[in-house]
Amino acid sequence: MKNKNSYYKMSKTIPVNLFLLFLTVNAFAQNPLIMDQFTADPTARVFNGKLYVFPSHDIVPPKGEGRAEWFNMADYHVFSSENLTDWTDHGKILDQKDVPWADPKAYSMWAPDAVSKNGKYYFYFPTRLKEGGDGEKGFSIGVAVADKPEGPYKPQPNHIEGVEGIDPNVFIDKDGQAYLYWSRGEIYGAKLKDNMLELDSEIKTFDEIPKKGHIEGPFVFERNGTYYMTYPHVANNTERLEYGTSDNPIGPFEHQGVIMDESASGTWTNHHSIVNYKDQWYLFYHDNDLSPDFDKNRSIRTDSLFFEENGNIKKVIPTKRGVGITSSTSEIQVDRYSSKSNYGAASVFLDRLDPFRGWKVVLNKPEAWVRYNQVDFRSEGPKNVKIRARSLTGGTVALKLAGENDEEVAEVTIKKGGEWDVFSAPVKSEVIAVQDLIVQLKNGAGVEVDWVQFEK
């Protein structure tokens, strides 16, 4: 995967107006979704036919500020996509220094949410009060308002009165009534007034939700008349995603099961949202893909989510591939594979010291392979294919279409050497429509592949 870390370098060398333009055209794909900065706690929303993601923004704070070895977040960005493959960063929408009631050096701009009502967009965020107490009691939840999903957002002068805690989630029911949910050791909820800025009912504590282990991050949605309360829960060692259901947005919720198991990476947190976009449900969540040695710097992901006939949520298995359809003429990042052989295939960093450069596939045994799902060859098949690769010993890579016979469509010779280079070969037969691509080592002792790209 090519270097996407130009975000920071370019900001110091080009005019601000050009830098902002760069932000709005940079594209990303697969899991993790964003490759030039750390992102966490993603709330996905559909506005005006486009999917927007509002995550928190993990950073390494300036020396002497923030909390070492802990979560540090100073601002928020918003990202959007129409195809779930190309993502636009609309830039910073809110900074801790811009919130009148907040501690400007708390670095506690944690998991947010955003909804639309009355022609306005309301961005909900937690942070520490200027004179807050210890722990989550020192937090409240504020609101910033905008005319467009991407902002600019103007923070309100005061936080929501009566709310102490973190992880705001807002659900608007079919009748227009809005509800605010949040956490502080337990999960709480209340109605919101029509102005979306004040509580309009007594606060309910959801005592029916399991109490063993840490609980936070509520996210409520409705499907076919059933209300789903979903949340991260440390039932054992780290957070897994669970849910309960009810016939009322204020509960009680009956516990139903697990949406996603504990992370295989050992990342202590998970925080999520669930959204229906173009008739498909998706789970947005995070892991520590770009920071495997420090789980306080996280990266957002998404995978498809499905329901049983009775409405129960099928467990989601995390993938590198993620979702979306990849154009065959783009640089296909096969290191974000859908599946791989049980031997001789792995995805590792291009540069361990610079994780933002992404990954490569290492194929070190003949017949080892990776499979990359959903490549769009369109109606006119490609004539050639290019592979960025390297090999100390040389080797041959076969490109195949997944199917009953795994038809081979190209064979690329990777010359002996050790330096990265681009190698090409003709495509043997016509390839059209959306296909699953297999990249397989045909012979040789070891080939590293960065990307594959087809040419018309």
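All you need for the numbering used here is the position in the sequence shown, starting with 1, plus 317.
In this text, a Cβ means the ideal position worked out from N, Cα and C, and glycines have one as well.
Computed from a prediction, not measured in an experiment: that's the story for all the values here.
Between Lys759 and Glu728, the CB-CB gap stays under 8 Å. Annotation: Val764 to Gly542 spans about 53 Å, alpha carbon to alpha carbon.
Approximately 19 Å separates the beta-carbon atoms of Glu481 and Phe440; this is outside 8 Å, ruling out the contact. Around the Cβ of Pro485, a 10 Å sphere holds 16 or more other Cβ atoms; the residue is buried.
Assignment of Phe623 by DSSP, reduced to helix, strand and coil, places it in the coil class. Between the alpha carbons of Ile410 and His603 lies a distance of about 21 Å.
Contact between the stretch 419–429 and the stretch 521–528 is absent, with fewer than three C-beta pairs closer than 8 Å. Asp415 sits in a helix when the DSSP states are folded into three classes. Note that the stretch 661–675 does not touch the stretch 619–629; fewer than 3 beta-carbon pairs, one per stretch, sit closer than 8 Å. In chain order, Ala685, Trp686 place their CB closer than 6 Å to the CB of Ser658, counting only its own chain and leaving out the 5 sequence neighbours on each side. CA-CA distance, Glu697 to Ile634, rounds to 34 Å. Rounded to whole angstroms, the separation of the alpha carbons of Asp412 and Lys447 is 15 Å. In the same chain as Phe396, and ignoring 5 residues on each side of it, the C-beta atoms closer than 6 Å to its own belong to Val370, Trp404, Asp406, in chain order. In the three-state reduction of the DSSP assignment, Gly711 falls in the coil class. Counting C-beta atoms within 10 angstroms of its own C-beta, Pro474 has fewer than 16 neighbours from the protein chains shown and is therefore classed as exposed.
Non-local C-beta neighbours of Lys434 in its own chain, meaning closer than 7 Å and more than five positions away in sequence, comprise Ile489, Ala495, Met513, ordered along the chain.
Beyond the five residues adjoining it in sequence on each side, Tyr505 comes within less than 6 Å, by CB distance, of Trp499, Ile520, Thr522 in the same chain, given in chain order. Taking 8 Å as the cut-off, the Cβ atoms of Tyr424 and Arg362 do not count as close. The DSSP assignment places complete beta strand (DSSP E) segments of no fewer than 3 residues inside the stretch 537–565 at 543–550, 557–563, in order along the chain.
In the pairwise beta carbon analysis, the stretch 586–599 is classified as touching the stretch 529–546: at least three pairs are separated by under 8 Å.
In this structure Lys773 is exposed. Its beta-carbon is surrounded by fewer than 16 other beta-carbon atoms within 10 angstroms. In this structure, Gln757 is the residue among Lys732, Ala706, Asp693, Gln757 with its C-alpha nearest to the C-alpha of Asp723. In the three-state reduction of the DSSP assignment, Gly698 falls in the coil class. For the pair Asp375 and Lys465, the Cα-to-Cα distance works out to about 24 Å. Boundaries of the beta strand (DSSP E) harbouring Arg362: 357–364, taken from the DSSP string. The beta carbons of Arg501 and Ile477 sit no closer together than 8 Å.
For Ser647 and Arg445, the gap between their C-alpha atoms comes out near 43 Å. For Leu514, there is no enclosing beta strand (DSSP E), since its DSSP letter is neither H nor E. Linking Ser664 to Lys510 through their CA atoms gives a straight-line distance of about 50 Å.
A Cβ-Cβ separation of about 13 Å leaves Pro372 out of contact with Leu607 under the 8 Å criterion. Note that the C-beta distance between Ile642 and Asn400 is below 8 Å. Secondary structure note for Asn690: its beta strand (DSSP E) is the uninterrupted segment 686–693.
Judged by DSSP in its simplified three-state form, Phe523 adopts coil rather than helix or strand.
If you look at Asp375, you'll find it isn't in any beta strand (DSSP E); DSSP assigns it neither H nor E.
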